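The block underneath contains the structure these notes are about, expressed in structure tokens.
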Amino acid sequence: MTNDEVKVDAPQDEVKEVTKEVPLCSGIDCGKPAGKLQCPTCLKLGKASFFCSQDCFKKSWVEHKRAHPTPIKNPFPNFNFTGKLRPAYPLSAKREVPASIPRPDYADHPQGVSQSEVNEKTTVAILNEKDIEGMRKVCRLAREVLDIAAAAVRPGITTDEIDRIVHEACIERDSYPSPLNYSGFPKSVCTSINEVICHGIPDQRPLEDGDIINIDVTLYHGGYHGDINETYYVGPKSYTKENVWLVETARQCLDKAISIVKPGMPFREPGNVIEKLAKGRKLGVVRTYCGHGVHKLFHCLPNIPHYARNKAVGIAKEGQTFSIEPMINGGGWRDHTWPDGWTSSTLDGSYSSQFEHTMLVTKDGVEVLTARLPNSPGGPPSQEILDNLGIKFNDL
């Protein structure tokens with residue numbers, strides 16, 4: 001071969017015919033080739049969904065629309081919310097409790113009325129040894145469930161998912177989640193975020209880095225209720241000076257109130273202790289809601305207000321069980337309720353924090369039945385965080 005000749009190795013692969021696959025109609029049980037007609041909702045969502053005809057689309061609509069994600073919306077667009085938080089509906093379906101699990105009397109009532117609470121609304125019960133052991137057990141279970149829920153707190157999780165976690169943890173312990181259907185409450189736990197004081201309904205809003213959240217758990221087991229709640233920081237951005245000042249003051253308000261509980265303590269006295277601490281730090285104490293008796297009944301006497309100079313009647317006696325649960329606001333004490341009839345938020349939009357324990361009055365003092373365990377999630381911030389914020393515990 002001379003230098004003028006060039007040898008070309010041409011590809012010998014066989015040329016194959018390429019055929020374009022024709023999509024089938026998205027109509028239910030249709031099977032025909034699709035036309036150019038698209039579902040407008042799917043088109044907005046960036047999904048391919050073609051139909052052979054308008055008639056086929058109409059016939060298939062009821063089934064087809066189930067494939068569309070349900071839009072999250074605020075059901076009260078005209079309500080004057082005082083803070084930035086908004087409800088995120090639709091709520092998930094009511095969670096079921098197996099029939100084998102004993103339930104309180106209100107669980108199956110159409111309006112969630114507890115007739116036993118109505119019948120015994122003037123009685124402050126003194127528990128016997130059997131009752132006390134029942135309370136110790138249910139309160140231990142309540143602590144376990146709260147800790148499971150707290151371990152799930154993180155940016156991105158919805159409060160509806162926390163509700164599922166709490167509900168399933170209750171069922172695993174052969175317990176009924178006390179909030180479910182109590183006076184018609186639709187969920188198994190109360191989740192109160194930022195400016196919400198209490199009774200927040202779990203919904204589709206994901207928690208955000210910077211939120212604070214109160215999780216209020218109550219179990220019914222063996223004929224007794226155990227009631228507990230704590231406030232948790234959500235993500236590193238939640239450790240601001242304002243949040244820590246508020247949350248840790250609320251925690252200490254409960255601790256100080258518990259420290260004075262003993263036989264003979266007037267039920268009006270915890271409010272004096274709580275408000276002295278909170279007011280000294282320029283924080284407000286909610287007056288609408290109070291601590292309460294809890295045992296075979298979810299809510300009963302005694303009432304224990306958290307504000308000073310209240311007119312609560314009676315004194316603590318050995319064998320009584322009740323909760324103390326101060327709600328402390330970053331601003332004023334006033335509250336208002338959302339149109340859902342449950343969610344209570346601060347009137348000025350300031351954040352709110354709450355802590356609660358169920359306790360037993362003993363011969364010489366008090367036994368906290370829902371006390372934190374060494375491995376309980378949450379708790380006060382680390383010393384490093386406090387140092388970075390310039391907060392010292394003796395300032396709190």
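Counting in UniProt numbering, the sequence shown runs from 1 upward without gaps. Each residue gets a CB set at the ideal place from its N, CA and C atoms; glycine is no exception. Since the structure is predicted, the reported quantities are computational estimates derived from the model, not experimental observations.
Neighbourhood of Asn243 by C-beta distance below 6 Å, restricted to the same chain and skipping five residues each side: Ile212
Close Cβ partners of Lys241 (< 6 Å) along its chain, the five nearest in sequence each way excluded: Taken in chain order, the residues that qualify are Leu389.
Under the three-state DSSP convention, the category Ser49 falls into: coil
Cβ contact check for the region 342 to 351 and the region 292 to 302: 3 or more pairs under 8 Å: In this structure the region 342 to 351 does not lie against the region 292 to 302, because fewer than three pairs of beta carbons, one per stretch, are closer than 8 Å.
Among His68, Pro71, Asp216 and Val361, nearest to Thr159 - alpha-carbon criterion: Asp216
Residue closest to Pro77, alpha-carbon to alpha-carbon, out of Ala88, Pro69 and Thr70: Ala88
The alpha helix (DSSP H) enclosing Glu195, as first and last residue numbers: Careful: Glu195 lies outside any alpha helix (DSSP H) and carries neither H nor E.
Where Arg154 falls, given that 16 or more other Cβ within 10 Å makes a residue buried: With a 10 Å radius around the Cβ and a threshold of 16 neighbouring Cβ atoms, Arg154 comes out exposed.
Contacts around Lys94, its chain only, beta-carbon distance under 7 Å, and the 5 residues preceding and following it disregarded: Pro186
Through-space distance from Tyr239 to Gln383, alpha-carbon basis: Using only the alpha carbons, I get a separation of about 12 Å.
Extent of the continuous beta strand (DSSP E) to which Asn329 belongs: Met327 to Asn329
Buried/exposed call for Arg134, threshold 16 Cβ in 10 Å: Note that residue 134 is Gly in the sequence shown, not Arg. Its Cβ being crowded by 16 or more others within 10 Å, Gly134 is buried.
Three-pair Cβ contact test at 8 Å for the region 350 to 361 versus the region 219 to 228: yes
Residue span of the beta strand (DSSP E) that contains Ser352, given as start and end: Ser352 to Gln354
Sequence-distant residues of the same chain with beta carbon closer than 6 Å to Tyr307, five excluded per side: Gly271, Glu275, Val285 and Arg287
Cβ distance (whole Å) where Asn329 is taken to contact Ser352 below 8 Å: With a Cβ gap of about 5 Å, Asn329 and Ser352 count as contacting.
Beta-carbon contacts of Asn181 that lie in its chain and below 7 Å, excluding the five residues immediately before and after: Tyr106, Ala107 and Gly112
8 Å Cβ cutoff met for Asn393 and Ile315: Note that residue 393 is Phe in the sequence shown, not Asn. No; because the gap between Cβ atoms is not below 8 Å, this pair is not in contact.
Given 8 Å, three or more beta-carbon pairs between the region 166 to 184 and the region 55 to 72: no
Straight-line gap, Leu301 to Ser192 (C-alpha atoms, nearest Å): 25 Å
Element boundaries [alpha helix (DSSP H), containing Met135]: Residues Glu129 to Ala151.
DSSP three-state assignment for Phe81, whether helix, strand or coil: coil
Sub-8 Å separation of Ile157 and Pro206 beta-carbons: Taking the C-beta atoms as reference points, Pro206 is found nearer than 8 Å to Ile157.
Where Phe322 falls: helix, strand or coil (DSSP): Three-state DSSP puts Phe322 in a strand.
Start-to-end residues for the beta strand (DSSP E) that takes in Pro104: No beta strand (DSSP E) contains Pro104, which DSSP labels as neither H nor E.
Residues near Asp335 in its chain [Cβ-Cβ closer than 7 Å; skip 5 each side]: Ile197, Val286, Thr288, Ser344, Ser345, Thr346 and Leu347
Through-space distance from Ser26 to Leu369, alpha-carbon basis: 59 Å
Where Glu367 sits in the DSSP three-state scheme: Residue state, collapsed to three classes: strand.
Outcome for Gly46 when other beta-carbon atoms lying within 10 angstroms are tallied against a minimum of 16: exposed
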